[in-house]
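Notes for the one structure printed next.
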Amino acid sequence: AKQAGKNEVRFFASAMHGAAQEQAQLERRLRRALDSGAFRLHYQPVVTLGGAESSTFEALLRWTDAELGPVEPDRFIPAAESSGLIVPLGHWVLEEACRQLRGWHDAGHESFRVSVNVSPLQFEQATFVDDLTATLERHGVSPAALTLELTERLIVRDLSGAQHKMKALRACGVEVWIDDLGAGQTALSYLLRLPLSGVKIDRSFVQTLDDTGTGQMVQAMVALARALKLGVVAEGVETPEQLRSMQTLGCEQVQGFLLGRPMPAEAVVPWVGGRAL
Ligand code: C2E
Ligand code: CA
Ligand code: CA
Ligand code: CA
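In short: position in the sequence shown from 1, add 34, done, that's the numbering used here.
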């Protein structure tokens, strides 16, 4: 038994070593991808129910490595976060989103807005707000055209820092939303004390609406958000039933494969045109 235990330890150690090597390799590839301009942004529509023209798009990172092929954000974002690469990568995302917004606005689509995901490490940089306003100015983009999506992880790490930066962002006109609401452990009352513009309800709720209690929980989240005059987006809407349920629960904005998949920037204007028909 002792011998088997030793072998297990050895096996475990070599598996760990393999994982660490894989991680290091992924980081090297990420760094190269950033240097060579291999990242792209795709845009997924956030649709407002009941009329009002929808023109907000969530920017989502896409990366295809020459050897690994397309790599999922859920795989490379954690690697970028643990290596610190998320800071320059996040800068690139904001830069690219603003460049794209400027292009759309110049082409006559003045109502287009973009929502950008921001990682805790990036948001925690002392110069985050200044860098962001400088980027907006450099591209001549109105702060009102930009929304930031932050997760509760960040707020838990440094509440007063987050509050301070959110206030500054709000003062300059950039909206801040909480992403993946309900996915974490944080009390809603705590989150909703922040200067937020809205919340995105995590797709795990939208996709289990049939389970006992889930509907009531979503209803409570929507009611609370509305009482506080916050916007609400339901994420991950894949079926007409889910869409109907979210509508019934009072959710005003929805996002998901049913309404529109993430698409390259050049597909966005044709997509909007197709909806108007
Ligand atoms: P997220 O912010 O919650 O983004 C929504 C994710 O759900 C996206 O996955 C999107 O493609 C996917 N999705 C949208 N509608 C549906 C649906 O109807 N069904 C299902 N099953 N999925 C749907 P994606 O693009 O793979 O991104 C995964 C996560 O990676 C994002 O989750 C976000 O946390 C992170 N991420 C992506 N881009 C960025 C970025 O630029 N910066 C940072 N920091 N994180 C990013
Ligand atoms: Ca998001
Ligand atoms: Ca989300
Ligand atoms: Ca998510």
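Every residue, glycine too, gets a C-beta built ideally from N, C-alpha and C.
Every value quoted in this text rests on a predicted model; they were computed, and no experiment measured them.
Residues near residue i by beta carbon distance below 8 Å, same chain, minus five either side
i      : result
Val80  : Ser88, Thr90, Phe91, Glu92, Ser149, Val267, Gln287, Val288 and Gln289
Arg147 : Ser89, Thr90, Phe91, Leu135, Ala178, Ala179, Leu180 and Thr181
Ile111 : Leu95, Ile120 and Ser153
Val163 : Lys199, Ala202, Leu203 and Cys206
Same chain, Cβ closer than 7 Å to residue i, neighbours up to 5 away in sequence not counted
i      : result
Val127 : Leu75, Ala93, Leu95 and Val150
Ala58  : none
Ala114 : Leu64, Ile120 and Leu123
Thr242 : Thr248
Glu269 : Lys234, Ile235, Asp236, Arg237, Val240, Gln289 and Gly290
Own chain partners of residue i with C-beta closer than 6 Å, once the 5 adjacent residues on each side are dropped
i      : result
Glu272 : Gly290, Phe291 and Leu292
Val302 : Tyr77
Where the beta strand (DSSP E) through residue i begins and ends
i      : result
Gln78  : Phe73 to Thr82
Lys234 : Gly232 to Ile235
Arg96  : Thr90 to Asp99
Ser149 : Arg147 to Asn151
Leu283 : It is not in any beta strand (DSSP E) - Leu283 carries neither H nor E in the DSSP assignment.
Glu300 : Glu300 -> no beta strand (DSSP E), and no H or E assigned at all.
Val267 : Gly265 to Ala268
Leu292 : From DSSP, Leu292 is part of no beta strand (DSSP E); its letter is neither H nor E.
Nearest candidate by alpha-carbon position, reference residue i, set the options
i      : options                           : result
Thr181 : Glu106, Gly207 and Glu42          : Gly207
Ala259 : Val121, Gly247, Tyr224 and Asp245 : Tyr224
Glu125 : Ser145, Pro229 and Phe157         : Strictly speaking, residue 125 in this sequence is His, with Glu absent from that position. When each option's Cα is compared against that of His125, the closest is Phe157.
Leu226 : Ala257, Ser176 and Ile111         : Ala257
Arg187 : Val152, Glu209, Ala160 and Ala205 : Val152
Gln159 : Met255, Leu228 and Pro122         : Pro122
Leu317 : Gln241, Glu130, Ala299 and Leu60  : Residue coverage of the chain in this structure runs from 35 to 311, which leaves residue 317 outside it and unanswerable.
Gly195 : Asp214, Thr161 and Glu171         : Thr161
Ile189 : Phe73, Thr169, His51 and Pro229   : Pro229
Pro104 : Arg133, Ala67 and Asp140          : Ala67
Asp140 : Ala54, Ser176, Gln250 and Pro298  : Ser176
Where residue i falls, given that 16 or more other Cβ within 10 Å makes a residue buried
i      : result
Thr98  : exposed
Gln78  : buried
Thr282 : exposed
Gly174 : exposed
Glu101 : exposed
Glu56  : exposed
Glu144 : exposed
Asp236 : buried
Ser279 : buried
Arg63  : buried
Leu184 : buried
Leu262 : exposed
Gly216 : buried
Ala310 : exposed
Gln276 : buried
Asp214 : buried
Gly294 : buried
First through last residue of the alpha helix (DSSP H) which encompasses residue i
i      : result
Pro107 : Pro107 to Ser117
Val190 : Glu186 to Arg191
Val210 : Counting along the chain, Val210 falls outside any alpha helix (DSSP H), though it belongs to the beta strand (DSSP E) covering Glu209 to Leu215.
Val252 : Thr248 to Ala261
Gly142 : Looking at the DSSP string, Gly142 is not in any alpha helix (DSSP H), and its letter there is neither H nor E.
Pro154 : Pro154 to Phe157
Thr161 : Careful: Thr161 lies outside any alpha helix (DSSP H) and carries neither H nor E.
Test: residue i CB closer than 9 Å to a CB of chain B
i      : result
Met280 : Absent from the structure: chain B. Only one protein chain is present.
Inset, instruction - Give me every residue whose Cβ sits closer than 5 Å to any heavy atom of ligand 2, in chain order. - result: Asn151, Glu183 and Asp213
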